[in-house]
Every structure is written in C-alpha cells, then in structure tokens.
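Worksheet for the structure shown next.
Residue numbers (full-length UniProt numbering): 1 to 293.
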C-alpha cells in the first residue's frame with residue numbers, strides 16, 4: 001500500500017505541473033481525448049545507481065586480495081537458506097552475520113581507481129544514449145586546415161564528450177567518446193539509418209576501386225596511420241581511440257573549450273607528432289571546430 005493521495009489536480013490546456021523526483025503520480029482523463037507530456041530529469045542519478053556500477057569492481061578487488069572472500073560457502077548452505085526455510089535458525093543467522101562482516105570488510109578494498117572507472121562507465125552510458133546537440137544541421141566544413149599555423153581549433157560541445165583512459169591489447173590508450181553523431185530517430189536504441197545508406201552506396205559506387213590507384217603520396221597518411229591502428233574493432237561508434245601520448249593534447253583541448261587553442265598552445269603540452277596526429281584524426285572524424293585565427 002502506498003497510502004491515500006495527498007492531492008488531486010485538474011490540469012487545463014497549457015498548464016505545467018512540477019513535482020520532485022520520486023513522487024508517485026497517476027494521470028487520468030475524462031470522456032474527451034487528452035494528451036500530456038511527462039519530462040523526467042536527473043534520472044538514474046542517485047548514489048544507489050552509482051554503487052550498482054562501482055560495487056562489482058570492489059568485490060572483484062576483494063576477491064583477488066582477501067582470502068576471506070575466497071573461502072567456500074558452507075557445504076549445506078542451500079539446505080537452510082532460501083525463502084522456503086525459517087530465517088531465524090542458528091545456521092541462517094550465522095550465515096547472515098558472515099555476510100555482514102564481509103560487506104564491512106569491503107571498505108578496506110575501496111580504491112579511487114574503482115570510483116574513476118565506475119564514473120567512466122556511467123558517463124559512457126549517458127554519452128552513448130543521449131541526443132546529439134542542437135541544431136541538427138551539420139557544422140560548416142572548415143575553410144582552413146588545423147595544421148595551418150594561422151588556424152585555431154576547439155572541441156565543440158564539450159558537455160557531449162568524455163575522455164577515457166584504459167588498456168587495450170596490453171597498451172594504454174585514451175579514447176574520446178562523444179554524442180555529436182548520435183541518431184535522433186533511433187534515440188537510445190540501435191540505429192539502422194546507416195544500413196540503407198551503405199547498401200545504396202555499395203550499389204552505386206562499386207566502380208571506383210581502380211580510380212584510387214596512385215594516390216599514395218598523401219603526406220598525411222603516414223602521420224595518421226598510427227591513430228587509425230589504435231581504433232578498437234569492437235568500440236561503439238562514439239569512440240575515437242588514440243595512443244596514450246596524445247592524452248595531453250586532448251585534455252588541453254577539452255579543458256580550454258569553448259575557448260580556442262592554437263598549434264603553439266598545443267606544442268606546450270606534447271610533441272609535434274602527437275599534436276599533428278590528434279588534429280588530423282579529429283578533423284577526419286568531424287569533431288573539431290577549426291577557424292582562422
């Protein structure tokens with residue numbers, strides 16, 4: 001039982017009703033058609049939601065470093081634990097006491113790394129499922145290359161981006177995740193918009209294979225090759241992976257956004273190869289705002 005209603009209101013056309021998160025509500029209509037929109041904010045943003053992500057990491061760490069968590073359960077524990085049994089028996093109470101002790105011991109295994117990785121996981125779930133920024137029209141292609149000494153550049157819509165440091169195939173990498181190209185039609189679902197486009201492209205562009213021969217003299221290809229090799233095969237389309245040496249460049253662009261940076265600024269935090277590689281890759285992915293300084 002959730003108790004008696006605390007209030008009953010009649011909303012007319014154009015009315016707006018706000019109530020705090022967690023308030024149980026129900027909408028009813030009369031004999032006429034009625035349409036209303038419910039907008040939920042601050043969703044899945046509680047400590048419990050975060051701990052659902054963080055606790056499995058802490059338990060794994062405890063399992064690896066504390067023998068108490070690796071000890072076997074009582075051999076006959078299924079004969080006294082479960083809803084069919086009395087929870088007040090000596091065996092059941094001892095079982096619960098042991099569980100409580102282990103839960104309290106988890107505090108000794110909480111490390112900042114677990115919190116940081118859990119935060120990344122929660123952030124990526126949000127980034128990968130949120131709508132792209134407004135407006136929906138694509139940005140105007142830059143009229144100047146980011147490698148031009150007279151160019152200035154920035155990461156657009158920083159709130160739609162997330163940098164994640166992780167390990168991939170035994171190597172440390174930094175991945176820029178973003179929502180800039182997320183689908184508006186299949187929001188929070190599997191986007192199939194590109195499938196039809198790819199089929200159409202395969203049908204109409206299959207004759208261009210031979211036209212690309214002899215175009216291997218592009219100076220940017222070799223410099224950019226390292227960046228593309230780092231892209232993981234199973235990464236969702238929101239992720240752009242870079243060698244860890246590129247982290248200072250990406251972090252500088254991230255921290256200074258929405259302000260602009262120049263190549264001179266970036267040269268203060270990383271070598272020229274890292275700067276060039278990052279700028280080329282971000283331009284290729286159309287996630288870098290480049291303007292003339």
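We treat Cβ as the ideally placed atom computed from N, Cα and C, and that holds for glycine.
Assignment of residue 239 by DSSP, reduced to helix, strand and coil, places it in the strand class. Looking at 17, 92, 14 and 25, the one whose alpha-carbon comes closest to that of residue 5 is 25. In the DSSP assignment, the residues bridged to residue 291 are 152.
Taking the Cα positions, residue 286 is about 45 Å away from residue 108.
A Cβ-Cβ distance of about 6 Å is found for the pair residue 263 and residue 149, placing them in contact under the 8 Å criterion.
Here the segment 49-58 makes no contact with the segment 94-103; the two share fewer than three CB pairs at distances below 8 Å. Residue pairing of residue 184 in beta bridges, as defined by DSSP: absent, with no partner found.
Contact between the segment 26-45 and the segment 105-120 is absent: fewer than three C-beta pairs spanning the two stretches fall below 8 Å.
The beta carbon of residue 123 sits closer than 7 Å to those of 162, all from its chain and outside the five residues before and after it, given in chain order. In this structure, residue 158 lies near residue 258, with their beta-carbon atoms less than 8 Å apart.
Counting C-beta pairs closer than 8 Å gives three or more between the segment 163-180 and the segment 237-255, which meets the contact rule.
Per DSSP, the beta bridge partners of residue 168 are 171. Cα atoms of residue 66 and residue 116: separation of roughly 22 Å, rounded to the nearest angstrom. The criterion of a C-beta distance shorter than 8 Å is satisfied by residue 274 and residue 245.
Residue pairing for residue 161: DSSP places it in a beta bridge opposite 178.
Residue environment for residue 104: exposed (fewer than 16 other C-beta atoms within 10 angstroms of its C-beta). About 7 Å separates the beta carbons of residue 147 and residue 276, which is inside the 8 Å limit, making them a contact pair. Each residue's CA atom was taken as its position, placing residue 9 and residue 135 some 36 Å apart.
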